[in-house]
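Chains Z and A, in that order, give the protein sequences. Residue 257 is where the first sequence ends in numbering that gives the first Met the number 0, and the numbering goes up by one at each step. Residue 257 is where the second sequence ends in numbering that gives the first Met the number 0, and the numbering goes up by one at each step. Built from N, CA and C at the ideal position, the CB exists for glycine as well. Keep in mind the model is a prediction, meaning the values are calculated, not measured. In what follows, a structure is listed as structure tokens, so that the remarks can point back to it.
Protein chains: 2
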Amino acid sequence: MSRNADKLRLFVECGLVAGACVTIDRAQAHYLGHVMRRGIGDPLLVFNGRDGEWRARVDALGKGGGALIVHEATRAQSRDSDLWVLFAPVKRTPIDRIAREATTLGASRLAPVLTRHTVARRINTARLRANAREAAEQCGRLSVPEVANPVSLTAAFEAWPAERRLLVADETGAGRAIADVLIALGREDPVPPSAILTGPEGGFEAGELDALGDLPFVIRVRLGPRILRAETAVLSALACWQALIGDWREEGAAAGGR
Amino acid sequence: MSRNADKLRLFVECGLVAGACVTIDRAQAHYLGHVMRRGIGDPLLVFNGRDGEWRARVDALGKGGGALIVHEATRAQSRDSDLWVLFAPVKRTPIDRIAREATTLGASRLAPVLTRHTVARRINTARLRANAREAAEQCGRLSVPEVANPVSLTAAFEAWPAERRLLVADETGAGRAIADVLIALGREDPVPPSAILTGPEGGFEAGELDALGDLPFVIRVRLGPRILRAETAVLSALACWQALIGDWREEGAAAGGR
């Protein structure tokens, strides 16, 4: 969707200042040299989630890793949306999509939660993290969302911050229309931090939905009259959140200097 | 996302009345017998886009086709959202996703349009139609969206109905925030019919965006500061449309009697 899709961006761990030498690991060196066909002296952009985005050049590139030299800042670090996504894991392809697209849609934390109907119980968190990092690199974000380790639905709420509202996508259709809920949240001062929870392919168990509804920070929302796949529900709720109370309403330069 | 995902639904072409015998084709018979493991006497739901949803039973099932007997109506035909989606075709997996999810998100017409940067120019319209039909069966819709044959960007607007607003996802970030545009449309009386247009992976050409902006029915919208994949842009815009001025705000029973 961008004419700057060819702008190569890399997430790195080290601090970024002018003149810094940044080492990259084996996987990133392979990506740079073999997938993206870059060599010594080629330019790219780097970010680390703290110091904004910088122009850099490839200084060394080998089988075991490489090094970049940092030149000048291109964008200052921006504030992320404070938006958590809790989702019942689904199969490999859709869960990868959730990790990638929730990143692109600006979620700050991705947390797999195991519900009673959750079939996919073996979650490769490292793969989710890699997907999130790659999506951040490609979508122009200056940060990579945190990917939490999977926990049970009940454990997820044991140390829940009271002020954070949890919008539960209620597939029984019993909740409030999501637009109405988001517009009401947007009128609170300050706008409370949010989280979105979506269920597994089989839906929540009735008892789970009832227990969720009893939590003081939960708002049950509905996403229309049709049955959405788990990943479509996640992405739809995120898009509505960003459009109504997130950064889609803010003016300003788009990612990657578009 | 639904505990009724096991409810088998089939789109058929014939008229539906109590007692009618409905023939199904080879592919549907294979799906019923081999994929879903149903046999003579097993119940299912049928719809044809005109006569609502009906309970039926398998009456005959063979290699070349089969027959169903229609029993009683379960839902009356509902009015569809009047929402067209125009999209630059992308590769096979994402274009199949667009067809499936635009159906689930209630689009009434899917139209591939060829822009200058469109790489994927060979479009299998029959496969898109099959994806849309399957998605309609699974999401509880009572209709299957029309899938148009691909046309060029300019041809798409030659006979454009003047009252239909076209929201163009402008990846340069120059458009208005989509929520503001949708809220404004929702205040018009009557609410005008809409269409959404998203570009290819490489984005629209600058000249294309300028020409689009000159069309009297076009509203350029932005979908936030991050670079969205083509299919993420389609789904995000659709979800926002349904949430703000579509059927996600309507009260009432959800699909499949959830």
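Where the alpha helix (DSSP H) through residue i begins and ends
i	result
residue 70 of chain Z	Premise fails: residue 70 of chain Z lies in the beta strand (DSSP E), 65-74, not in any alpha helix (DSSP H).
residue 233 of chain A	229-244
residue 94 of chain Z	91-103
residue 226 of chain Z	Here residue 226 of chain Z belongs to no alpha helix (DSSP H), and DSSP marks it neither H nor E.
residue 178 of chain Z	177-186
Residue nearest to residue i in terms of C-alpha spacing, selected from the options
i	options	result
residue 196 of chain A	A:87, A:145, A:214	A:87
residue 234 of chain A	A:47, A:149, A:96, A:121	A:96
residue 227 of chain Z	A:228, A:190, A:137, A:74	A:137
residue 201 of chain Z	Z:118, Z:38, Z:16	Z:118
residue 62 of chain Z	Z:30, Z:217, Z:183	Z:30
residue 81 of chain A	A:190, A:250, A:209, A:204	A:190
residue 204 of chain Z	Z:52, Z:24, Z:116	Z:116
residue 132 of chain A	A:173, A:249, A:27	A:27
residue 260 of chain A	A:250, A:245, A:249	Residue 260 of chain A lies beyond the range of chain A shown here (0 to 257); nothing can be said about it.
residue 188 of chain A	A:111, A:139, A:162	A:162
residue 75 of chain Z	Z:170, Z:141, Z:8	Z:141
residue 106 of chain A	A:192, A:33, A:219	A:192
residue 145 of chain A	A:139, A:151, A:152, A:135	A:135
residue 39 of chain Z	Z:166, Z:215, Z:58	Z:58
residue 14 of chain Z	Z:35, Z:121, Z:52, Z:206	Z:52
Proximity test, Cβ basis, 8 Å: residue i and chain Z
i	result
residue 83 of chain A	no
residue 94 of chain A	no
residue 242 of chain A	yes
residue 311 of chain A	The structure shown does not extend to residue 311 of chain A, since chain A is modelled only from 0 to 257, so the question has no answer here.
residue 103 of chain A	yes
residue 260 of chain A	Outside the modelled stretch of chain A, which goes from 0 to 257, sits residue 260 of chain A, for which no answer is possible.
residue 152 of chain A	no
residue 97 of chain A	no
residue 129 of chain A	no
residue 0 of chain A	Note that residue 0 of chain A scores a pLDDT of 39, beneath 50, so its modelled location is shaky; the value from the coordinates is reported in the next line. Answer yes: the Cβ-Cβ gap between residue 0 of chain A and chain Z drops below 8 Å somewhere.
residue 239 of chain A	yes
residue 22 of chain A	no
residue 114 of chain A	no
residue 196 of chain A	no
residue 9 of chain A	no
Continuous beta strand (DSSP E) stretch holding residue i: start and end
i	result
residue 52 of chain Z	52-60
residue 84 of chain A	82-86
residue 119 of chain Z	No beta strand (DSSP E) contains residue 119 of chain Z, which DSSP labels as neither H nor E.
residue 108 of chain Z	108-113
residue 164 of chain A	164-168
residue 39 of chain Z	Taken as a continuous stretch (DSSP letters only), residue 39 of chain Z belongs to no beta strand (DSSP E), as it is neither H nor E.
residue 194 of chain A	193-197
residue 21 of chain Z	20-23
Reduced DSSP secondary structure (H/G/I, E/B, other) of residue i
i	result
residue 7 of chain A	coil
residue 133 of chain Z	helix
residue 221 of chain A	strand
residue 138 of chain Z	helix
residue 203 of chain Z	coil
residue 143 of chain A	coil
residue 158 of chain Z	coil
residue 17 of chain A	coil
residue 190 of chain Z	coil
Cβ-Cβ distance between residue i and residue j below 8 Å
i	j	result
residue 242 of chain Z	residue 222 of chain Z	no
residue 127 of chain A	residue 98 of chain A	yes
residue 70 of chain Z	residue 49 of chain Z	no
residue 108 of chain A	residue 84 of chain A	yes
residue 102 of chain Z	residue 66 of chain Z	no
residue 149 of chain Z	residue 181 of chain Z	no
residue 8 of chain A	residue 43 of chain A	yes
residue 230 of chain Z	residue 93 of chain Z	yes
residue 211 of chain A	residue 217 of chain A	yes
residue 25 of chain Z	residue 64 of chain Z	yes
residue 176 of chain Z	residue 247 of chain A	yes
residue 45 of chain Z	residue 11 of chain Z	yes
Within-8 Å CB hit, residue i to chain A
i	result
residue 79 of chain Z	no
residue 258 of chain Z	Residue 258 of chain Z cannot be examined here, being either before or after the span of chain Z that is shown, 0 to 257.
residue 108 of chain Z	no
residue 224 of chain Z	yes
residue 248 of chain Z	yes
residue 234 of chain Z	yes
residue 100 of chain Z	yes
residue 13 of chain Z	no
residue 117 of chain Z	no
residue 73 of chain Z	no
residue 177 of chain Z	yes
Listed by chain order, chain C residues near residue i by CB distance under 8 Å
i	result
residue 210 of chain A	Going by chain labels, chain C is absent from the structure shown, which instead holds the protein chains Z and A.
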